[in-house]
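Numbered per the numbering used here, the sequence shown spans residues 17 to 115.
We treat Cβ as the ideally placed atom computed from N, Cα and C, and that holds for glycine.
Take a look at the structure below.
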Amino acid sequence: MILKRISPKRVTSADNFPRQYLHPKSNEKLLLFFAGWGMDEQPFLHYSPVGKDLIVAYSYTDLLLDESLLAGYREIEVFAWSMGVWAAATVLPERKNSN
């Protein structure tokens, strides 16, 4: 599984090819999106949720979740689409809702 932290800030390199950089945690809240079959991070590159970091999970060739990416968030909202629903249910640890 690939997990990418998305930032709307894009940098153009010397060859005019836009590069997406992963940015460190900058908020206390996380929106974790499990994309569907055949999707990648491209549809989300220009999306910037207010007051939340965004991590997109895709390419479920393995189901290894790097939980260190989720550490330290006060709140994690999970959204999933298509095959991402299955992937999220498979890899996410059970957590009690603190609300």
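Give the DSSP-derived three-state secondary structure of residue i in the structure shown.
i	result
Glu83	helix
Taking the alpha-carbon positions, what's the residue i to residue j distance?
i	j	result
Glu91	Ser98	23 Å
Phe95	Arg21	15 Å
Over the uninterrupted alpha helix (DSSP H) stretch that includes residue i, give me the two end residues.
i	result
Ala96	No alpha helix (DSSP H) holds Ala96; the beta strand (DSSP E) holding it covers 91 to 96.
Ala104	99 to 107
What residue range is occupied by the uninterrupted beta strand (DSSP E) comprising residue i?
i	result
Tyr76	Here Tyr76 belongs to no beta strand (DSSP E), and DSSP marks it neither H nor E.
Leu46	45 to 50
Cβ contact (3+ pairs, closer than 8 Å) linking the segment 41 to 50 and the segment 80 to 96: yes
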